[in-house]
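The listed protein sequences correspond, in order, to chains A and B.
Under the working numbering, the first sequence is numbered contiguously, ending at residue 487.
Under the working numbering, the second sequence is numbered contiguously, ending at residue 207.
Don't be surprised by glycine CBs; every beta carbon is placed ideally from N, CA and C.
Given the structure is predicted, the values throughout are model-derived calculations rather than measurements.
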Amino acid sequence: MSLSELTALELGRKIQSKEVGVKEAVSAVLDNISKYDKDINAFITVDKEGALKRADEIQDKIDSGNFKNPLAGVPVAIKDNICTEKLLTTCGSKMLNNFVPTYSAQAVENLQNAGAIIIGKTNMDEFAMGSTTETSYYGATKNPWNTEHVSGGSSGGSCAAVAAGECYYALGSDTGGSIRQPSSFCGVTGIKPTYGTVSRYGLVAYGSSLDQIGPVGKTVEDCAAILETIASYDVKDSTSVKRESYDFTSCLNESIKGLKIGVPRDYFAEGLDGEVSKAVLECAKVLESLGATVEEFDLGLVEYAIPAYYIIASAEASSNLARFDGVKYGYRSEEFNGLHNMYKKSRSEGFGEEVKRRIMLGSFVLSSGYYDAYYIKALKTKKLIKRAFDKAFSKYDVILSPVAPTTAPKLAQSLSDPIKMYLGDIYTISANLVGIPAISVPCGIDSKGLPIGVQMMGNHFREDNILKAAYALEQTKVYQMPSISK
Amino acid sequence: MANIIDDATIEYVSILAKLELSDEARQKAKKDMANMLDYVDKLNELDTEGVEPMAHVFDMENVFREDVVTNEDESEKTLMNAPERTENGFVVPKTVG
């Protein structure tokens with residue numbers, strides 16, 4: 002077994018016991034990056050020099066007993082919409098192709114305080130708008146299981162990098178499924194935490210009421226440990242929530258006997274691939290055999306989540322992305338005629354097609370005369386969807402479902418029909434609207450050789466329920482890496 | 111109830127969005143937006159009479175703090191990424207005659 006095949010926690014333990022040196026661990030993933038990333042394109046920036054330099058510093062502190070965190074010395078990749086001080090942060094956009102943050106996101110600070118080593122910044126759909134990482138200005142990220150297929154998105158770079166052994170774990174962000182769907186496509190585990198759990202300070206905003214940073218790892222246990230490290234109450238994020246508990250790891254070994262699992266019948270309807278459906282329902286059986294109770298139910302309102310989401314997310318995006326004007330940072334057009342024209346030309350040349358499409362839709366739904374009909378209507382729908390989930394969680398601890406209707410599609414097949422692409426978010430989007438935690442765990446391989454993921458959603462602040470169910474399920478399987486990294 | 115986005119509407123939207131569209135992009139934007147509105151009009155099937163619009167999932171109120179300076183002068187950091195700057199300011203095209 003090569004060093005890069007270890008999980009983050011396995012490596013962390015070997016580092017603590019001096020069996021593996023930090024520099025050795027960094028070199029192992031740098032080697033994989035140089036071997037695989039010209040094909041996979043998971044990274045926009047690789048900070049080889051910075052990572053090797055930090056490896057020495059961290060090793061010294063570990064040797065002197067100052068770093069006890071299980072992730073100390075373990076190399077991590079960070080999605081490129083999460084600010085890293087002195088390290089290029091592009092958001093997958095031409096607009097920010099020269100943006101070097103002067104501060105780090107709180108989640109990154111938390112990782113660094115734990116002794117993590119940032120290996121680089123990962124590719125993503127431009128400003129996190131997309132489901133395939135094909136809207137990136139820096140080229141698509143390919144799926145490590147089969148490079149003719151997409152990695153998923155928008156955190157496609159983070160998930161592909163973990164799957165390919167180009168890092169031991171990664172941070173992603175999830176606004177409508179952007180951690181869970183690429184995790185599913187790349188055969189890794191990803192969590193979108195309860196809204197407000199991880200500070201959004203330093204996360205470049207897309208849809209502020211929906212965005213959450215979360216972990217991507219090889220195992221549930223890794224993800225729980227990462228979440229425990231990055232989660233914190235932060236006065237710099239006014240939507241940060243002071244949780245009663247930031248312990249996400251003690252729950253893992255709890256029994257799932259008596260855990261009530263609901264399977265929404267309306268998620269297993271038209272449009273769901275047969276192999277995905279079978280693999281996901283098989284997980285329900287496994288959990289039942291481990292002592293959980295499983296029941297089918299009707300969630301309701303499923304087909305209204307996507308339209309509500311695209312109104313809300315686009316509205317927030319149009320407001321959030323107004324800051325990119327060619328004055329304070331980022332791209333400025335070379336030729337313009339006056340201030341107003343400079344704004345327009347910088348934005349038109351700096352943003353890609355999907356970003357412009359959403360900014361325009363958002364501007365429209367917020368404009369006078371349409372605000373009530375679209376934006377307010379969507380917020381009312383969101384309330385109804387929340388009620389449907391509240392009702393479900395009054396009966397169940399966990400809602401089990403597919404992550405995506407299919408496994409990873411081939412490259413260049415998704416962008417031509419945006420609405421069809423949006424429909425692929427049907428199972429993930431509600432967790433963002435409702436603000437609940439959700440996890441994606443690998444649960445099988447389809448006949449094309451591509452990974453299938455299962456999603457588990459829990460009620461607000463009940464990460465413990467989904468973590469212990471996911472962990473119990475994971476113990477019944479052997480983690481598989483794509484052949485590229487073997 | 112297919113939506114039709116006319117030239118005046120897309121012009122208005124591009125002013126709000128501060129985007130300049132080529133003729134080709136304008137035609138595509140009109141079509142894309144009309145398709146998207148047709149799709150999201152699905153929400154009209156729902157009776158939302160009397161439902162409170164929900165902006166945030168938790169009943170959040172404004173988070174206030176004392177207006178106390180906690181950081182040092184960060185003007186150099188603020189200007190560091192500017193496309194064009196002077197020693198202590200952003201440079202923009204002339205806006206007054």
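Under DSSP, S334 of chain A takes part in no beta bridge, so it has no partner.
Those residues of the segment 50-77 of chain A placed with their C-beta closer than 9 Å to a C-beta in chain B do not exist.
Boundaries of the beta strand (DSSP E) harbouring Y170 of chain A: 170-175, taken from the DSSP string. In the structure shown, the three-state DSSP call for L300 of chain A is coil. At the C-beta level, I227 of chain A and Y170 of chain A come within 7 Å of one another. When rounded, the separation of the alpha-carbon atoms in T158 of chain B and D274 of chain A is 33 Å. Within the DSSP secondary-structure output, N144 of chain A pairs in a beta bridge with A:N147.
According to the DSSP assignment, S364 of chain A belongs to no beta strand (DSSP E) but to the alpha helix (DSSP H) extending over 354-367. Ranking A:I120, A:A280, A:T148, A:I83 by CA distance to the CA of V205 of chain A puts A:I83 first.
Boundaries of the beta strand (DSSP E) around F44 of chain A: 44-47. When DSSP reads this structure, V455 of chain A sits in a beta bridge with A:P403, A:V442. Within the segment 135-154 of chain B, A139, D142, M143, N145, M146, Y149, V150, K152, L153 place their CB atoms closer than 7 Å to a CB of chain A, listed in sequence order. With a cut-off of 8 Å on Cβ pairs, the segment 217-234 of chain A is in contact with the segment 245-257 of chain A, counting three or more such pairs. Only Y196, G197 from the segment 181-205 of chain A bring a Cβ to less than 8 Å from some Cβ of chain B.
Between the segment 332-342 of chain A and the segment 295-311 of chain A there are fewer than three C-beta pairs closer than 8 Å, too few to call the two in contact. With a minimum length of 3 residues, the unbroken runs of beta strand (DSSP E) contained wholly in the segment 165-246 of chain A fall at 170-175, 190-193, 213-218. Taking a cut-off of 8 Å for Cβ pairs, the segment 119-133 of chain A and the segment 44-52 of chain A touch, as three or more such pairs fall below it.
Annotation for V123 of chain B: the continuous alpha helix (DSSP H) segment containing it runs 117-126. One thing to note: C160 of chain A has its Cβ within 7 Å of the Cβ of V217 of chain A. One Cα belongs to K62 of chain A, the other to E130 of chain B, and the distance between them is close to 53 Å. The Cβ-Cβ distance between L434 of chain A and I386 of chain A falls below 7 Å. Under the three-state reduction of DSSP, T123 of chain A is assigned to strand. In the DSSP assignment, no residue is bridged to I307 of chain A.
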